[in-house]
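**Student:**
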Amino acid sequence: MRAVDAVMECLKAEGVDVVFGYPGGANLPTYDAFYDSDIKHVLVRHEAGGGHAAEGYAKATGKVGVCFATSGPGATNIVTPLTDAMMDSVPVVFFTGQVRTELLGTDGFQEADTFGITMPIVKHSFLIQHPTEIPRVIHEAFHIARTGRPGPVLIDMPTDLTRVEIDYEPVGDVRLPGYQPTTEGNQKQIRLAAKALAHARRPIFYTGGGVINANAATELTELVRADRFPITSTIMGLGAFPAPDPQWVGWLGMHGTRTANYAMDEADLIVAVGARFDDRVTGKLSEFAPRAKFIHIDVDPAEIGKNVPAHIPIVGDARNILARLLTEYRAQEADPARLDAWWERIDGWRTQHPLRYEDSADSEIKPQYLIEALYEATGGECIVASDVGQHQMWAAQYYHFDAPRRWINSGGLGTMGFGLPAGMGAAVGRPELTTLVVSGDASIQMNTQELATCAEYGIPVKVFIMNNGYLGMVRQWQELFWDRRYSHVEPGRWPDFVKLAEAYGAAGFRFEDKATLVEDIRRAIETPGPVVVDVRVTREENTYPMIAPGAAARDMVG
Amino acid sequence: MLSLQELEASVNGRSGRKHIVSILVENKPGVLTRISGLFARRGFNIDTLVVGPTDDERFSRITLTLDGAMHSIDQVTKQLHKLINVLKIRDLEPADTVARELAMFKLAADGAARAEILQIADIFRGRVIDVTRRSVIVEIAGTADKIAAFERMVRPFGLVEMARTGEIAISRGRGET
Chain R
32 MRAVDAVMEC LKAEGVDVVF GYPGGANLPT YDAFYDSDIK HVLVRHEAGG
82 GHAAEGYAKA TGKVGVCFAT SGPGATNIVT PLTDAMMDSV PVVFFTGQVR
132 TELLGTDGFQ EADTFGITMP IVKHSFLIQH PTEIPRVIHE AFHIARTGRP
182 GPVLIDMPTD LTRVEIDYEP VGDVRLPGYQ PTTEGNQKQI RLAAKALAHA
232 RRPIFYTGGG VINANAATEL TELVRADRFP ITSTIMGLGA FPAPDPQWVG
282 WLGMHGTRTA NYAMDEADLI VAVGARFDDR VTGKLSEFAP RAKFIHIDVD
332 PAEIGKNVPA HIPIVGDARN ILARLLTEYR AQEADPARLD AWWERIDGWR
382 TQHPLRYEDS ADSEIKPQYL IEALYEATGG ECIVASDVGQ HQMWAAQYYH
432 FDAPRRWINS GGLGTMGFGL PAGMGAAVGR PELTTLVVSG DASIQMNTQE
482 LATCAEYGIP VKVFIMNNGY LGMVRQWQEL FWDRRYSHVE PGRWPDFVKL
532 AEAYGAAGFR FEDKATLVED IRRAIETPGP VVVDVRVTRE ENTYPMIAPG
582 AAARDMVG
Chain C
19 MLSLQELEAS VNGRSGRKHI VSILVENKPG VLTRISGLFA RRGFNIDTLV
69 VGPTDDERFS RITLTLDGAM HSIDQVTKQL HKLINVLKIR DLEPADTVAR
119 ELAMFKLAAD GAARAEILQI ADIFRGRVID VTRRSVIVEI AGTADKIAAF
169 ERMVRPFGLV EMARTGEIAI SRGRGET
């Protein structure tokens with residue numbers, strides 16, 4: 032069969048049911064194979080949308096997302112989603128077309144050095160040199176993308192090599208001598224960790240997206256509930272432990288809760304699981320958690336000791352390790368009363384510093400209230416895909432996630448324009464759940480074209496645009512740190528989002544009244560198909576609390 | 019916005035000495051770019067880097083030297099390990115390692131200077147590999163220190179140019195590097 036038909040066979044063998052992509056000159060052979068294939072292909076309207084959709088699909092389902100793009104501009108358009116997937120450890124396999132081998136290096140039409148351009152932003156990449164290696168490479172790519180610390184893998188396929196007839200034989204196993212991720216945590220270290228937990232008087236769990244990637248939410252929840260351990264997580268880790276909950280102290284970092292940040296500051300033992308001590312979490316590194324010893328559980332050994340020293344490092348799969356840590360911890364028979372004073376302190380912070388905002392006295396919709404209204408209207412039973420900015424922080428603060436893979440955002444790279452296509456991918460992957468997209472009037476405009484895709488395929492995302500007529504987060508920073516010199520954060524014109532939605536074939540609404548908001552939201556969500564809601568909110572509202580950039584966590588403001 | 023002290027505090031695990039790191043890699047497209055790109059991206063400075071074949075044609079050996087006072091070697095090796103085409107990394111212990119470098123010196127050698135240069139080359143067990151009326155090229159193999167010492171000795175005579183390979187290394191004893 033042709034190599035491209037073998038590509039379809041390999042995708043089927045990997046259990047791929049849907050891919051996102053865009054055809055072009057250099058991947059015409061692949062698209063010819065799609066013509067007869069059972070694999071569902073979603074034609075996006077921009078390759079960046081395709082890449083983010085594949086990410087959203089992967090984040091919502093736990094399966095590997097797949098994105099196809101052509102050579103040159105098609106490939107450069109996926110650079111942002113590739114980087115995004117790398118930063119947030121999202122398993123996506125990207126297939127790019129490439130010019131014919133005889134044209135490689137000659138600046139041929141639509142030639143870009145995709146392999147070179149993407150090298151720093153992939154977990155791994157392949158440049159096909161011979162058609163017979165295509166099937167093996169595809170299986171290696173899926174294996175690398177989904178195992179260990181997940182991440183994006185790119186396969187660059189020169190167009191002439193893909194149309195060649197090859198003898199296709201299914202590939203049984205993948206052998207990569209240079210890639211053997213450690214999954215089993217060291218038993219001695221796990222026992223040591225259990226002992227440290229049993230003796231800690233001010234312990235806290237600090238978990239990240241790695242727990243969700245490892246499908247370890249159940250194991251984590253059991254361990255945390257085995258005693259009265261307080262737990263916080265990064266913005267990437269929301270939903271791994273069900274919130275709200277008495278043991279949940281909110282998420283931590285720049286816009287996390289005071290309770291979480293203060294608890295980290297005073298903790299004597301921090302159990303980091305699948306988290307990487309990012310600067311948005313630690314604040315000023317030299318003053319981060321000064322009294323704490325660290326247990327660091329991660330599947331990527333390079334994360335251990337990268338930013339903070341780990342006293343008890345455990346490399347391996349979080350699910351495996353947490354389950355064994357639970358057994359070891361139970362054997363310790365620790366005295367729960369040792370945590371009384373700690374909880375008194377934590378509860379004190381909680382009472383004194385809950386998340387709060389000043390509600391409007393009239394019909395004006397506060398942005399925080401919009402999220403509370405969304406939570407109320409949906410009962411928390413949705414996937415929420417977010418864009419990047421103030422609305423993202425408020426969504427994470429006021430929508431509570433009680434299950435993993437419900438909160439989909441761009442954490443590491445902070446990609447504006449991520450929300451709509453990622454929500455689209457999530458909705459394709461989990462059609463039984465309602466998918467909300469929470470966006471801003473600026474973010475949404477970075478990938479609005481995907482509304483056309485949603486309309487064409489009937490992908491029923493419910494997009495809520497928190498419209499304050501500003502690039503809100505940048506405006507907030509200019510207000511706080513640049514003397515209110517608002518430079519280029521107020522677009523002079525922006526589109527009529529209701530008309531825009533209708534132009535794309537989606538339903539459009541505009542809500543401006545607090546009193547009817549919950550009911551209005553219900554009505555919008557019940558409207559079939561894709562829906563865009565322009566919600567006018569308070570224009571100059573700041574996201575608080577906040578750790579100023581470079582400041583210590585204990586010096587939170589707001 | 020980070021102060022110098024904070025920067026220093028954030029980089030832990032520095033050894034303070036020179037390290038020779040031996041990396042066994044698959045012969046695949048882009049391997050060297052991946053490694054050099056990783057160093058550039060993470061801000062690691064390479065002092066020397068040598069790539070060459072091994073006894074097995076599927077693999078190449080990369081030998082590189084770095085300053086352990088500048089970087090956490092632990093972080094360097096862990097990041098290298100993440101590259102799929104990297105099979106094995108050894109941070110070689112100086113006492114258990116034989117390291118050698120080859121250098122060629124082109125020296126101005128007029129009249130009386132020539133005899134003296136040849137004498138110094140002889141002491142360093144160098145070999146003259148090219149002679150003209152006004153110059154000689156001397157080849158020296160040895161540790162990086164020995165080559166530096168030779169350079170100091172001959173520089174006053176007129177060093178026209180010099181080329182060095184960077185060190186290659188292999189572990190002592192029967193075991194594989």
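Quick mapping for you: the protein sequence lines, in order, are chains R and C.
Going by this note's numbering, the first sequence opens with residue 32, and the numbers climb by one from there.
Going by this note's numbering, the second sequence opens with residue 19, and the numbers climb by one from there.
All C-beta atoms in this analysis are idealised placements derived from N, C-alpha and C, irrespective of residue type, glycine included.
Please confirm whether residue 49(C) has its beta-carbon closer than 8 angstroms to some beta-carbon of chain R.
**Tutor:** no
**Student:** Taking all protein chains shown into account, do 16 or more other C-beta atoms lie within 10 angstroms of the C-beta of residue 544(R), making it buried, or fewer, making it exposed?
**Tutor:** exposed
**Student:** Considering only DSSP beta bridges, list what residue 259(R) is partnered with.
**Tutor:** According to DSSP, which records beta bridges pairwise, residue 259(R) is partnered with nothing at all.
**Student:** Distance, Cα to Cα, residue 97(R) vs residue 239(R)?
**Tutor:** 24 angstroms
**Student:** Going by other Cβ atoms of all chains shown within 10 Å of its Cβ, with 16 needed for buried, is residue 86(R) buried or exposed?
**Tutor:** buried
**Student:** With distances taken between CB atoms, is the gap from residue 420(R) to residue 503(R) smaller than 8 angstroms?
**Tutor:** yes
**Student:** Determine whether the Cβ of residue 188(R) lies closer than 8 angstroms to any Cβ atom of chain C.
**Tutor:** no
**Student:** Which residues bound the beta strand (DSSP E) around residue 189(C)?
**Tutor:** 186-189 is the extent of the beta strand (DSSP E) around residue 189(C).
**Student:** Quick one, which of 121(C), 151(C), 175(C) has its alpha-carbon nearest residue 181(C)'s?
**Tutor:** 121(C)
**Student:** On the three-state DSSP scale, how would you describe residue 123(C)?
**Tutor:** strand
**Student:** So, residue 56(R) versus residue 101(R), is the Cβ gap smaller than 8 angstroms?
**Tutor:** Taking 8 angstroms as the Cβ cut-off, residue 56(R) and residue 101(R) qualify as a contacting pair.
**Student:** Along the stretch 139-165 of chain C, where does the CB come closer than 7 angstroms to a CB of chain R? Name the residues.
**Tutor:** Correct list: empty, as no residue qualifies.
**Student:** Can you pull the chain C residues whose beta carbon is under 7 angstroms from the beta carbon of residue 207(R), in chain order?
**Tutor:** 102
**Student:** Which same chain residues, not among the five before or five after residue 259(R), have their C-beta less than 8 angstroms away from its C-beta?
**Tutor:** 278, 367, 370, 374
**Student:** Under the assumption that residue 125(C) contacts residue 178(C) (Cβ atoms under 8 angstroms), give the Cβ distance between them as a whole number of angstroms.
**Tutor:** 6 angstroms
**Student:** Tell me, which residues are paired with residue 538(R) by DSSP?
**Tutor:** Paired residues: 562(R).
**Student:** Would the beta-carbon of residue 388(R) fall within 8 angstroms of that of residue 406(R)?
**Tutor:** no
**Student:** For residue 202(R), which residues in the same chain have their Cβ closer than 7 angstroms to its Cβ, ignoring the five residues on either side in sequence?
**Tutor:** If we look at residue 202(R) and ignore the five residues flanking it on each side, its Cβ neighbours are 166, 167, 170.
**Student:** For residue 188(C) and chain R, any beta-carbon pair shorter than 8 angstroms?
**Tutor:** False, the Cβ-Cβ gap to chain R never drops below 8 angstroms.
**Student:** Any idea what DSSP makes of residue 137(C), helix, strand or coil?
**Tutor:** helix
**Student:** What is the DSSP secondary structure of residue 272(R), counted as helix, strand or coil?
**Tutor:** coil
**Student:** List, in order along the chain, the chain R residues whose C-beta lies closer than 8 angstroms to that of residue 194(C)?
**Tutor:** Correct list: empty, because the minimum Cβ distance to chain R is about 15 angstroms.
**Student:** In the structure shown, what three-state DSSP assignment does residue 301(R) receive?
**Tutor:** In the structure shown, residue 301(R) sits in a strand (DSSP, three-state: E or B).
**Student:** Of the choices 104(R), 125(R), 66(R), whose alpha-carbon is the least far from that of residue 95(R)?
**Tutor:** Comparing Cα positions, the closest option is 125(R).
**Student:** Which one of 384(R), 546(R), 92(R) has the shortest CA to CA distance from residue 391(R)?
**Tutor:** Per the C-alpha coordinates, the member of 384(R), 546(R), 92(R) positioned closest to residue 391(R) is 546(R).
**Student:** Would you kindly check if the distance between the Cβ of residue 488(R) and the Cβ of residue 592(R) is under 8 angstroms?
**Tutor:** The question about residue 592(R) has no answer here: the residues shown for chain R are numbered 32 through 589.
**Student:** DSSP state of residue 236(R), grouped into three classes?
**Tutor:** strand
**Student:** By DSSP's criteria, residue 110(C) is part of a beta bridge. Which residues make up the other side?
**Tutor:** Its beta-bridge partners are 38(C).
**Student:** Would you kindly work out how many angstroms separate the C-alpha atoms of residue 453(R) and residue 98(C), rounded to a whole number?
**Tutor:** Residue 453(R) and residue 98(C) have their C-alpha atoms some 31 angstroms from each other.
**Student:** Determine the DSSP secondary structure at residue 19(C), reduced to helix, strand or coil.
**Tutor:** Any reading at residue 19(C) needs caution, since the residue's pLDDT is 39, under 50, leaving its predicted position unreliable; the model's value is listed next. Note: residue 19(C) maps to coil in three-state DSSP.
**Student:** Taking DSSP's pairing of strands, which residues face residue 521(R) in a bridge?
**Tutor:** For residue 521(R), which the question treats as bridged, DSSP gives no partner whatsoever.
**Student:** According to DSSP, is residue 158(R) part of a helix, a strand, or is it coil?
**Tutor:** strand
**Student:** Among the residues of its own chain, which have a CB less than 7 angstroms from the CB of residue 515(R), if the five just before and after it don't count?
**Tutor:** 509
**Student:** Indicate whether residue 268(R) and residue 242(R) have their beta-carbon atoms separated by less than 8 angstroms.
**Tutor:** yes
**Student:** Run through chain R and tell me which residues come within less than 7 angstroms of residue 105(C), C-beta to C-beta.
**Tutor:** 208, 209
**Student:** Please classify residue 146(R): does DSSP put it in a helix, a strand, or coil?
**Tutor:** helix
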